[in-house]
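*Asks:*
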Amino acid sequence: MCGIFSVIDRNMTRMDGSSIKAALSSMDERGSGEGAGYVAYGIYPDFPDCYALHIFFDNIVDHKSKVDELLSKWGVIIHQEEIPTYEQPSLKRQHIPWRYFFKPYKDLMVGSLTPEEDIIIKTVMDINSGIDGALVFSSGKNMGVFKAAGWPEDVANFYRIEDYRGYIWLAHNRYPTNTPGWWGGAHPFNLLNWSVVHNGEITSYGTNRQYVESNGYKCTMHTDTEVVAYLFDYLGRRHKLTEELIVKALAPPFWDEIDSMPLSKSELNRAIRLIYGPALMNGPFGIVVAQSDGIVGFTDRIKLRPLVVGDDGTKLYISSEEAAIRRVDPNIGEIYMPKAGEPVIGRVVK
Amino acid sequence: MKLDNKIAIDANDIHYTQLNKLIRKAVAEKATDIVIKNVLGQRFIASGLRAEINIDIYGVPGGDLGMFMNGPICNIYGNCEHAPGNTMDYGKIIVHGSTGDASAHSMRGGEMYVRDRIGYRGGIHMKEYDQKKPTLVVGKSADDFLGEYMAGGLILLLGIGQEAPFYGRGIGSGIHGGRIVIRGEIEDKYLGLGVKRLDMDTSLLNEVQSRIKEYCNYFNLDATKLLDENYTVLGPASSRPFAGKYTWE
Numbered sequence: 003m004c005g006i007f008s009v010i011d012r013n014m015t016r017m018d019g020s021s022i023k024a025a026l027s028s029m030d031e032r033g034s035g036e037g038a039g040y041v042a043y044g045i046y047p048d049f050p051d052c053y054a055l056h057i058f059f060d061n062i063v064d065h066k067s068k069v070d071e072l073l074s075k076w077g078v079i080i081h082q083e084e085i086p087t088y089e090q091p092s093l094k095r096q097h098i099p100w101r102y103f104f105k106p107y108k109d110l111m112v113g114s115l116t117p118e119e120d121i122i123i124k125t126v127m128d129i130n131s132g133i134d135g136a137l138v139f140s141s142g143k144n145m146g147v148f149k150a151a152g153w154p155e156d157v158a159n160f161y162r163i164e165d166y167r168g169y170i171w172l173a174h175n176r177y178p179t180n181t182p183g184w185w186g187g188a189h190p191f192n193l194l195n196w197s198v199v200h201n202g203e204i205t206s207y208g209t210n211r212q213y214v215e216s217n218g219y220k221c222t223m224h225t226d227t228e229v230v231a232y233l234f235d236y237l238g239r240r241h242k243l244t245e246e247l248i249v250k251a252l253a254p255p256f257w258d259e260i261d262s263m264p265l266s267k268s269e270l271n272r273a274i275r276l277i278y279g280p281a282l283m284n285g286p287f288g289i290v291v292a293q294s295d296g297i298v299g300f301t302d303r304i305k306l307r308p309l310v311v312g313d314d315g316t317k318l319y320i321s322s323e324e325a326a327i328r329r330v331d332p333n334i335g336e337i338y339m340p341k342a343g344e345p346v347i348g349r350v351v352k
Numbered sequence: 003m004k005l006d007n008k009i010a011i012d013a014n015d016i017h018y019t020q021l022n023k024l025i026r027k028a029v030a031e032k033a034t035d036i037v038i039k040n041v042l043g044q045r046f047i048a049s050g051l052r053a054e055i056n057i058d059i060y061g062v063p064g065g066d067l068g069m070f071m072n073g074p075i076c077n078i079y080g081n082c083e084h085a086p087g088n089t090m091d092y093g094k095i096i097v098h099g100s101t102g103d104a105s106a107h108s109m110r111g112g113e114m115y116v117r118d119r120i121g122y123r124g125g126i127h128m129k130e131y132d133q134k135k136p137t138l139v140v141g142k143s144a145d146d147f148l149g150e151y152m153a154g155g156l157i158l159l160l161g162i163g164q165e166a167p168f169y170g171r172g173i174g175s176g177i178h179g180g181r182i183v184i185r186g187e188i189e190d191k192y193l194g195l196g197v198k199r200l201d202m203d204t205s206l207l208n209e210v211q212s213r214i215k216e217y218c219n220y221f222n223l224d225a226t227k228l229l230d231e232n233y234t235v236l237g238p239a240s241s242r243p244f245a246g247k248y249t250w251e
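For the protein sequence lines, the chains are X and L, in the order given.
Going by the working numbering, the first residue of the first sequence is number 3, and it counts up by one from there.
Going by the working numbering, the first residue of the second sequence is number 3, and it counts up by one from there.
1. Compute the distance between the beta-carbons of Ser-131/X and Ala-326/X, then report whether it is under 7 angstroms.
2. Decide if Tyr-248/L is buried, meaning its Cβ has at least 16 other Cβ atoms within 10 Å, or exposed.
3. Would Pro-286/X pass as an interface residue toward chain L - the criterion being a Cβ-Cβ separation below 7 angstroms?
4. Quick one: list the residues of chain X neighbouring Arg-45/L, beta-carbon separation under 8 angstroms, in chain order.
5. Helix or strand or just coil, what does DSSP make of Gln-252/L?
6. Inspect the beta-carbon positions of Asp-11/X and Tyr-166/X and report whether they are closer than 7 angstroms.
7. Quick one: list the residues of chain L neighbouring Met-339/X, beta-carbon separation under 9 angstroms, in chain order.
8. Given this structure, state the Cα-to-Cα distance separating Thr-204/L from His-17/L, to the nearest angstrom.
9. Of all the options Val-78/X, Leu-26/X and Val-350/X, which has the alpha carbon lying nearest to the alpha carbon of Asn-159/X?
10. His-84/L CB to nearest chain X CB: under 7 angstroms?
11. On the premise that Asn-40/L lies in contact with Ala-13/L, defined as a C-beta separation below 8 angstroms, what is that separation, rounded to the nearest angstrom?
12. If you compare alpha carbons, which of Gly-146/X, Ala-150/X and Asp-134/X is closest to Thr-222/X?
13. Since Ala-231/X contacts Trp-185/X with CB under 8 angstroms, what's their CB separation in whole angstroms?
14. Using only the alpha-carbon positions, how far apart do Arg-256/L and Gln-90/X sit?
15. How about Glu-323/X: is its C-beta nearer than 7 angstroms to some C-beta of chain L?
16. Could you list which residues in chain A have their beta carbon closer than 8 angstroms to that of Asn-81/L, in chain order?
17. Rounded to a whole number of angstroms, what is the C-alpha to C-alpha distance between Gly-141/L and Ile-214/L?
18. Is there contact between the region 268-282 of chain X and the region 247-255 of chain X, where contact requires at least three CB pairs shorter than 8 angstroms?
19. Here's the rule I'm using: 16 or more other beta-carbon atoms within 10 Å means buried, otherwise exposed. How should Ala-33/L be labelled?
20. For the region 63-77 of chain L, enumerate the residues whose C-beta is nearer than 9 angstroms to any C-beta of chain X, in chain order.
21. Ignore the nearest five residues each way along the sequence and tell me which others in Ala-292/X's own chain have a CB closer than 6 angstroms to its CB.
22. Distance, Cα to Cα, Glu-83/X vs Trp-100/X?
23. Taking Asp-35/L as the reference, which of Asn-77/L, Ala-166/L, Thr-226/L and Leu-200/L has the closest Cα?
24. Assess, as a yes-or-no matter, whether the region 175-185 of chain X is touched by the region 252-264 of chain X under the definition of 3 or more beta carbon pairs within less than 8 angstroms.
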């Protein structure tokens with residue numbers, strides 16, 4: 003059991019984090035105080051073109067110089083600072099959250115159509131798998147993840163989440179089951195602009211991990227959810243699939259349903275299952291994934307985890323519980339539970 | 003004659019533990035009616051409560067409303083989250099809205115009436131014993147795996163104002179007791195493993211008709227149209243649908 007809360011303002015009007023904290027904290031029973039986190043998009047308007055790298059350092063003395071050195075090889079650090087935090091009596095500080103605003107030298111990555119992104123992915127993977135005591139947990143533009151091991155309200159107060167204003171928010175309250183609760187294992191998980199919150203477990207993790215690792219990603223967070231971020235990056239950014247098609251690959255219809263579809267539809271679904279078989283995720287899950295232009299929520303094919311949607315036309319909410327949505331918007335017009343495996347998509351209006 | 007003793011509770015921003023303490027205090031004070039306003043996500047409301055009492059709930063109660071409850075009649079003016087009526091023993095839950103997944107989960111007695119929709123796995127593992135026979139009546143629609151692993155009781159799905167299918171896949175998967183009654187004809191592809199089509203017998207018909215009347219009474223609907231319709235009756239093909247699946251015998 004975990005709790006998910008997410009919202010997008012389609013007009014890109016930014017909301018501060020106070021209501022997100024209230025919504026997530028209302029689902030404290032869904033967690034165990036061992037992990038909570040938030041991600042917001044649009045929070046760094048002063049550095050819109052820089053990759054905001056959020057890093058947990060075990061300490062500044064031993065580990066930070068190696069990260070500085072690596073970053074300075076691949077690009078230029080425009081600005082860096084410790085992420086402001088505020089001690090909470092019931093939250094034990096285990097790492098020092100730091101942020102870099104970083105611009106990669108794109109001509110260093112030859113033969114790539116997306117050199118900037120590829121440098122960021124390489125840098126993130128190199129730091130996370132090669133530099134002890136440093137963990138990049140957020141690496142997108144004009145967005146950032148804030149997470150720790152603690153209750154939703156404590157983590158929010160630790161980062162003063164109400165000081166950030168974003169047009170997309172995802173929030174997560176963790177109840178760790180299969181892997182330990184630690185700062186890096188808290189959600190959201192992020193790579194580039196992709197962020198993921200997840201309630202459930204991915205029993206096909208072994209297959210999915212092999213698939214993303216054979217395509218250059220490295221799993222370093224000791225928990226299943228990170229593969230979802232890499233699958234979305236691989237299928238979405240590199241294979242340019244739409245969110246609808248990515249969800250079809252990750253939570254596809256059953257074969258007997260495909261067999262009874264009209265030909266054009268069944269051909270598409272069959273092709274996706276055959277090509278992206280190793281991306282299929284088994285097990286119980288409710289997931290919301292964000293990018294800078296939208297969010298998508300979906301559950302596993304037999305609906306083993308809850309997901310509730312609220313829509314007022316401008317704002318789209320996706321949450322584990324209806325009450326959390328009504329805490330933010332008591333008079334929300336439309337509330338419904340999407341079907342299993344059916345993507346719910348909210349996009350910004352440009 | 004029992005005198006009316008109505009007690010009001012404001013649930014605004016209070017935790018379910020506190021809310022349930024207030025409910026029990028009201029019961030101890032011989033309340034006949036409790037009205038709870040501003041409910042928002044509090045779990046376990048009236049759980050384990052033994053009392054002949056009427057409880058009106060305004061808002062969205064959290065998961066496991068009325069779990070193990072024995073006696074109260076709960077009227078909910080709003081939607082419920084997951085598993086209302088979980089292992090409920092006796093009493094009624096009347097929902098003026100919709101409910102989440104696993105509604106009436108393991109219910110062992112009493113009645114639940116949902117005006118609109120229920121989520122996935124409604125009535126999963128409902129059971130019956132001796133005089134205890136739980137009933138779940140749903141007005142509009144139910145998602146997949148309705149009556150999964152059902153061991154007893156009655157599920158009645160009316161599909162009011164809905165075009166078929168107002169139900170999902172795997173109806174009655176693993177059913178080994180009880181009856182699922184759904185308005186209209188159902189294609190085989192929606193039926194789960196271990197389900198058999200049965201004929202409507204007189205005693206079941208009487209029961210179905212009286213439940214329909216009660217449902218319509220709660221939600222101010224005309225029962226006439228619903229009483230005229232054909233119903234599909236589903237029950238277990240055997241008492242042990244998965245014998246030999248996991249162990250050799």
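Think of the CB as a built atom: it goes at the ideal place given N, C-alpha and C, for glycine as much as any other residue.
*Replies:* On the basis of the supplied data:
1. no
2. exposed
3. no
4. Glu-31
5. Past the boundaries of the shown model lies residue 252/L; chain L is included only from 3 to 251, so the question cannot be answered.
6. no
7. Ser-100, Gly-102, Asp-103, Arg-119, Gly-121, Tyr-122 and Asp-145
8. 48 angstroms
9. Leu-26/X
10. yes
11. 5 angstroms
12. Asp-134/X
13. Not really, about 17 angstroms apart at Cβ, beyond 8 angstroms.
14. Because chain L in this structure spans residues 3 to 251, residue 256/L falls outside the shown range and cannot be described.
15. yes
16. Of the protein chains in this structure, namely X and L, none is chain A.
17. 9 angstroms
18. yes
19. buried
20. Pro-63, Gly-64 and Gly-65
21. Ile-170, Leu-172 and Ser-197
22. 6 angstroms
23. Asn-77/L
24. no
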